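Residue numbers (my numbering): 21 to 282.
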Amino acid sequence: MPEGHTLHRLALDHRKWLAGEVIHVTSPQGRFQGGASVLDGQLLTSVEAWGKHLFYRFEGGELLHVHLGLFGRFRRHRQPAPEPRGQLRLRMETSTECVDLSGPTACELLEPDEHAALLARLGPDLLREDASRQQAWKRVKASSRSLGALLLDQSVLSGVGNVYRAEGLFVSGLHPELRGDELESRDFTRLWKTLVGMLQDGVRDRKIITVKHFDQAVGRKPRRGERTYVYGRRECRRCGDSIRVWELGSRTMYACETCQRR
DNA sequence: GCCGAATGCCCAA
DNA sequence: TGGGCCTTCGGCG
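The structure is reproduced here in structure tokens:
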């Protein structure tokens, strides 16, 4: 579920549903009981996403930090909300809305210095207006690590996960094993812009669909359920050659070595 | 019912 | 570098 688009979509939705309201906060599962009781009954003033992190600011100055990790998930209900089902770390309710959180890696209150430290180790977020491509490029250009590893390093740039990594490199025609210091500036610019476009589509669509409605390069419409060019596939959507699947940067990489030259 | 995998990331060694 | 953690879901019996 969660790459950067998911978190930015959640920030937009939660801002609309919850911000400016007094929130009833509970932890049905109990593992966030302490934090929930601090936040309960407070006005939520803002919701913000940065990379794969979500921050909720409350009237009293408290900051709630949520990181979904690999398994975390939010569900929305209208009031009256159903009985909590499964392991619910957090439930936030207004008179009309209810948002449930299960399985997060982090659901915690942060002190200002902890918040600052967290942001300090995040690279530019491709979905933020103020994201500095130059800053990310400096890090990439100075690194002998592979592009595939660099894209997943949230301190280089933030928001890209395993699906967008594979898809962004494919559409940009770049081989995942290219080293950062081998990359040309214009290649990085193309990759960056491709990823920004994909992530923006993801926010709009609420899911990752990187194939276009009609793709000139492929010359046909995607089949039903066909959402990616290489990720999770056996054959390249464009040329039909076998997809190479291997471990890169501790995650499964998918690439077409015909379309993605070194 | 059990097992493995999944769009993430941290930590110890 | 490997293991651990958080949870759900689909495939296999």
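Beta carbons: idealized from backbone N, C-alpha and C, even for Gly. Please read these numbers as outputs of a predicted model, since none were measured by experiment.
Using the Cα positions of residue 23 and residue 96, report the straight-line distance between them to the nearest angstrom. 19 Å
Within this structure, are the beta carbons of residue 71 and residue 124 separated by less than 9 Å? No, these two residues do not count as a Cβ contact at 9 Å.
Give me the Cα-Cα distance between residue 209 and residue 240, rounded to the nearest whole angstrom. 27 Å
In whole angstroms, what is the alpha-carbon distance linking residue 94 and residue 138? 22 Å
Apply the 10 Å Cβ neighbour rule to residue 212 and answer buried if 16 or more other Cβ atoms are within range, or exposed otherwise. buried
Can you check which of these residues, 34, 215 and 169, is closest to residue 153 by C-alpha distance? The closest CA to that of residue 153, considering only 34, 215 and 169, is found on 215.
Pick helix, strand or coil for residue 65, following the three-state DSSP scheme. strand
Could you check what DSSP says for residue 286 in three-state terms: helix, strand or coil? Residue 286 falls outside the range modelled here, since the chain spans only 21 to 282, and no answer is possible.
Do residue 200 and residue 177 have their C-beta atoms closer together than 9 Å? no
Is residue 197 helix, strand or coil when you go by DSSP? coil
Any contact of the stretch 182-189 with the stretch 111-118, i.e. 3+ C-beta pairs under 8 Å? no
First and last residue of the uninterrupted alpha helix (DSSP H) at residue 218: 205-225
If you draw a straight line from the C-alpha of residue 99 to the C-alpha of residue 87, how long is it? 25 Å
Ignore the nearest five residues each way along the sequence and tell me which others in residue 79's own chain have a CB closer than 8 Å to its CB. 62, 63, 64 and 65
With DSSP run on the structure shown, which of helix, strand or coil describes residue 46? strand
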